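Going by the working numbering, the first residue of the sequence shown is number 1, and it counts up by one from there.
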Amino acid sequence: MGFIGTTILVLLYAACNVVGSQEYDHRSEGLMEVPEDIPLNVTSIDLSGNSIEMIGTRAFCNFTELTRLSLSDNNINFIHHDAFFGLFKLRSLNLYNNSLDRVPNLQGLRLDSLLLYDNNIELKDGDFEDVSVKVLSIGNNEIRNVSPISELSESLQSLFAQFNLLGNTSAADLYNLFQSLTRLDLINLVSCGLKTFPDIRQMKENSGMKMYIKDNPWNCDCRLSWIKFTRISIDFPYNSVTCATPAEHEGILIKYVSTVNICPDVSECVGMSVQSTSGPVTGGTRITVTGPCVPSSLQVGQTTLYSTENPRVFVTKPVANESTLPIAVVLPTLNGTKTFILDQTFTYTGLPDIEDIQPRVLNVDGGTEITVHGKNFVFEGTQYMNLTQMQINVNTSDGPKTFDAHNYDLILKWGIFQHEAKVLVSNINSNITKLFDNKLQFRPPVEVQLVQKADCQPGSHYVEVKAGNTKRQVGCLTYGRSKVSLKIIILLVVFAVAVAIAVAIVVCCIIREKKKKDFEPPQVEVG
1 MGFIGTTILV LLYAACNVVG SQEYDHRSEG LMEVPEDIPL NVTSIDLSGN
51 SIEMIGTRAF CNFTELTRLS LSDNNINFIH HDAFFGLFKL RSLNLYNNSL
101 DRVPNLQGLR LDSLLLYDNN IELKDGDFED VSVKVLSIGN NEIRNVSPIS
151 ELSESLQSLF AQFNLLGNTS AADLYNLFQS LTRLDLINLV SCGLKTFPDI
201 RQMKENSGMK MYIKDNPWNC DCRLSWIKFT RISIDFPYNS VTCATPAEHE
251 GILIKYVSTV NICPDVSECV GMSVQSTSGP VTGGTRITVT GPCVPSSLQV
301 GQTTLYSTEN PRVFVTKPVA NESTLPIAVV LPTLNGTKTF ILDQTFTYTG
351 LPDIEDIQPR VLNVDGGTEI TVHGKNFVFE GTQYMNLTQM QINVNTSDGP
401 KTFDAHNYDL ILKWGIFQHE AKVLVSNINS NITKLFDNKL QFRPPVEVQL
451 VQKADCQPGS HYVEVKAGNT KRQVGCLTYG RSKVSLKIII LLVVFAVAVA
501 IAVAIVVCCI IREKKKKDFE PPQVEVG
């Protein structure tokens, strides 16, 4: 071919590469809309830093070679659902710092990175349906629900979701997220309002996982103690998980909180039980664990459930068939994680089937009792304490039933009582801080909120315990002044007296000088 021929081929190849990798860069030019002069063979478009507010229909679909698109730092509040249709080679989409309130339609895209940071987005189911994303940046939005991210289960490797509103995210929500994102190796949940975090060591302990979870109001109870011992990298190079509650650990790094102070001894976890022992095969039944210790999870048969926003409440998952399964409570304790098999079972029933409703004619004045007939209804009983000696009327699937209080069994498990009990001070709820196997510990409200009851001596307040339909007085509570406050008052009084004495001395000196001048004889000048 010769030197000249080879040179021509090289030049032609270079020219093809230049054309094939053409970039369109019009950053910060005050553009109000997507320009119309973009070449069809463009591979990179950068329109960041402009004033674009809307992306119209099929705005980019003709750029079939496009691999990178940046629309960051605009004022975009609307993107047409087919704006990105057909961009099968697109690998990077940057929508950072706009005014979007939803994820745009991304169906069919296979992205290496999707940047949605600093918008107003709330996630909805289906947002990531038929989408592949390796790196998702969705921090500083209005996200309250992380479950739609699970749709990226086959692709997502890094998730940046910091500065969102995840305060009501439960341990179950987070556990399900990690369980679905099997390829995830980095997550950023800094400053999201999180209070607890599930133990994910079984899934991620040896995966090289990196977690950034600092600046959250962590509730440092035993469920969070696993963070002290995990090999997962947390806030590398410095584990900065800091306790917000309880008050005695506020501001302390959890790695410096003794396990003895946050975990119960296994011997304390007696009388554990559950309420709701049956529900439909479709799932959704709320099971409440009662007793002195807070569970980390609940096992129904072979299925492990994690708690909702309430650490003692679990929700059943759907199953294929009706069945009765054993229940076990998994408890983090000072002696390690222990599994307690209960003497209770959970029965999955068929779907409720209504066969008839009687009567079908109702009185316009109201008061008509209606009975629903059918199958697979859950019996409505009561486990509440009843010490009023009044009859209990309950609607059941078999019609109204009346329990005679005089013959009604008043024995109640301590765990159930703990769950139902409320401590009232002058009829205001107190915060129950700890449940023991024979007592309740509570923190009373601030005294200025209270109105004194006549049944107590002056300066004291009525304390009652309420459980079920019963409320009983247990004593009177007197608020004392703390020693610190007393010392401060004494110091202030001493200081005030000292100041008064000093002022008196100064005033006396001034008066004495004035009197001295008044009585001095006049000076006569001799000429």
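We treat Cβ as the ideally placed atom computed from N, Cα and C, and that holds for glycine.
All of these numbers come straight from a predicted model, not from anything done at the bench.
Distance between Arg312 and Leu194, taken at the CA atoms: about 17 Å.
Contact between the stretch 47-58 and the stretch 24-38 is established, with three or more Cβ pairs separated by less than 8 Å. The residue among Ile121, Asp215 and Glu309 with its C-alpha nearest the C-alpha of Ser170 is Glu309. DSSP places Phe178 in the helix class (H, G or I) of the three-state scheme. In the structure shown, Ser158 falls within a strand segment according to DSSP collapsed to helix, strand and coil. Assignment of Pro280 by DSSP, reduced to helix, strand and coil, places it in the strand class. Sequence-distant partners of Val146 (beyond 5 residues in either direction) whose C-beta falls short of 8 Å from its own C-beta, in its chain, are Leu123, Ala161, Leu166, Thr169, Asp173, Leu174 and Leu177. At a Cβ-Cβ threshold of 8 Å, Cys222 and Cys263 count as neighbours. Shortest Cα-Cα distance from Asp215 to any of Asp185, Lys228, Asn164 and Val257 involves Asn164.
The DSSP-derived three-state label of Ala500 is helix. Under the 8 Å Cβ criterion, the stretch 270-282 does not count as touching the stretch 244-257, having fewer than three qualifying pairs.
Going by C-alpha positions, Asn74 is about 14 Å away from Leu93. For Glu23, the pairing in a beta bridge is given by DSSP as Ser44. In terms of Cβ geometry, Ser296 and Asp199 form a close pair [threshold 8 Å]. Fewer than three Cβ pairs drawn from the stretch 239-250 and the stretch 339-359 lie within less than 8 Å of each other, which leaves the two stretches out of contact.
Between Leu71 and Leu106, the gap from beta carbon to beta carbon reaches 8 Å or more. As computed with DSSP, Asp101 is found in no beta bridge at all. The beta carbon of Thr285 sits closer than 6 Å to the beta carbons of Ser276, Gly279 and Thr316 from its chain, once the five residues preceding and following it are set aside; these are given in chain order. Linking Arg110 to Asp265 through their CA atoms gives a straight-line distance of about 51 Å. Under DSSP, Gly86 shares a beta bridge with no residue.
Lys466 is the residue among Val133, Lys466, Leu116 and Asp185 whose C-alpha sits nearest the C-alpha of Ser426. Nearest to Ala59 by alpha-carbon distance, out of Thr43, Ile428, Asn188 and Gly86, is Gly86. Scanning its chain for C-beta atoms nearer than 6 Å, with the 5 sequence neighbours on each side dropped, one finds around Val451 the residues Ser426, in chain order.
Annotation for Ile262: no beta strand (DSSP E) segment contains it, though the alpha helix (DSSP H) segment containing it runs Thr259 to Ile262. Distance check between Leu224 and each of Asn62, Thr245 and Gly208 places Thr245 closest, using alpha-carbon atoms only. Using a 10 angstroms sphere on the CB of Thr290, the tally of other CB atoms reaches 16 or more, which defines it as buried. If one requires a minimum length of 3 residues, the beta strand (DSSP E) runs lying completely within the stretch 205-268 are 210-212 and 243-245, in chain order. In the displayed model, Ala59 falls within coil according to three-state DSSP, outside both helix and strand.
Apart from sequence neighbours up to five positions away, the residues of its chain that approach Thr339 with a beta-carbon distance below 6 Å are Ala328 and Val330, ordered along the chain. Assignment of Ile511 by DSSP, reduced to helix, strand and coil, places it in the helix class. Note on geometry: alpha-carbon atoms of Arg443 and Lys422 lie some 12 Å from one another. Leaving aside the five residues that flank Leu186 on each side, the residues in its chain whose CB is nearer than 6 Å to its CB run, in chain order, Ser158 and Lys210. Around the beta carbon of Phe495, a 10 Å sphere encloses fewer than 16 other beta carbons of the protein chains shown; the residue is thus reported as exposed. When only Cα atoms are considered, Ser150 and Arg183 end up about 11 Å apart. Cβ neighbours of Gln299 within its own chain (closer than 6 Å, five residues either side excluded): Ala328. Annotation for Ile501: no residue places its beta carbon closer than 6 Å to its own, counting only its chain and skipping 5 residues before and after.
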